[in-house]
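A short worksheet on the structure shown next.
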Amino acid sequence: MEETAEKELSIYGEHLPMLVRIIEDMEKRIDLLRESMKQQRGMDPVEHCLSRIKSEESMREKCVRKGLAQTPESALFEIHDAIGFRIVCAFVSDVYMIRDYLAEAEDLEIVEEKDYIRNAKPNGYRSYHMILKTQTGYYLEIQLRTISMDTWAALEHHLKYKKTVSGNEQLIVRELKRCADELASTDVSMQTIRDMIFEEA
Ligand code: 0O2
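Under this note's numbering, the first residue of the sequence shown is numbered -13, with each subsequent residue one higher.
Laid out in structure tokens, this is it:
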């Protein structure tokens, strides 16, 4: 396919290079925080950080689901997760520390926050979600979570697309919720251990 034809087909229109630049800037910002925390506390608050531009197919599907035209305007300004970051931390306190760090950034506006850690979804899903807006008018979705929360979400996402044959869906939903609650309880214990170690240091 001709390069120009490919560009015309993208739901992000001419905005793709800008989205890439925003991702690079945010990655640098997170790296700076990690470096400064490593120097201050001798510990990296981030286990790993992933970023993505929502795939063409997912974005088009989301536009259709929300009754929006499949245009760059819908993809970038009506829908707010064209750019997504997932920041995975070892401890719950690090999740909230990074949340506060992003909230203090003068060039980013918080458009929406959902605390699914204090208010877990009925299925057990936990994470802290932020929608941020850049000064250039683009949006980013940031998902902050612990390793345990990330493990659970990955497994649950995987199972969501598997068809069960034995009519045991309710049991699976209940068991998943139980695992989510057990992992949350482990997160609390790990946080307590961490706090004891830091108090002694
Ligand atoms: P992807 O591929 O991860 O981006 P909306 O964003 O409007 O469709 P809503 O309810 O406003 O929906 O968004 P919410 O609750 O902030 O969640 C958006 C994202 O959080 C999802 O993105 C998932 O990544 C994650 N998420 C939310 N709930 C669950 C859950 O129950 N299980 C798992 N595994 N992940 C969840 P997308 O768009 O689904 O896909």
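C-beta atoms are modelled at their ideal positions from N, C-alpha and C, and glycine is treated no differently.
Exercise. With respect to 7 Å, is the separation between the Cβ of residue 70 and the closest non-hydrogen atom of ligand 1 below this value?
Worked result: Residue 70 sits at position 84 when you count from the first residue of the sequence shown. Checking every heavy atom of ligand 1 against the Cβ of residue 70, one is found closer than 7 Å.
Exercise. Hey, would you say the C-beta of residue 111 is under 7 Å away from at least one heavy atom of ligand 1?
Worked result: On the sequence shown, residue 111 is found 125 positions in, with the first residue counted as 1. Residue 111 Cβ: within cutoff of ligand 1.
Exercise. Cβ of residue 43 versus every heavy atom of ligand 1: is any distance shorter than 7 Å?
Worked result: In the sequence shown, the residue the question calls residue 43 occupies position 57. Answer for residue 43: no, Cβ out of range of ligand 1.
Problem set entry | Three-state class that DSSP yields for residue 34 in the structure shown | Walking along the sequence shown from the start, residue 34 turns up at place 48. Here residue 34 sits in strand by DSSP.
Exercise. What is the DSSP secondary structure of residue 131, reduced to helix, strand or coil?
Worked result: The residue given as residue 131 occupies position 145 in the sequence shown. Residue 131: strand per DSSP, three-state reduction.
Exercise. Taking the Cβ atom as the reference point for each residue, do residue 163 and residue 110 lie within a distance shorter than 8 Å?
Worked result: Numbered from 1 along the sequence shown, position 177 holds the residue referred to as residue 163. Numbered from 1 along the sequence shown, position 124 holds the residue referred to as residue 110. Cβ atoms of residue 163 and residue 110: closer than 8 Å.
Problem set entry | residue 69 beta carbon less than 8 Å from that of residue 127 | As a working note, residue 127 is residue 141 in the sequence shown. As a working note, residue 69 is residue 83 in the sequence shown. Cβ atoms of residue 127 and residue 69: closer than 8 Å.
For this session: In the DSSP assignment, find the unbroken beta strand (DSSP E) run with residue 114 in it and report its ends.
Result: The residue labelled residue 114 in the question sits at position 128 within the sequence shown. Residue 114 -> beta strand (DSSP E) spans 114 to 120.
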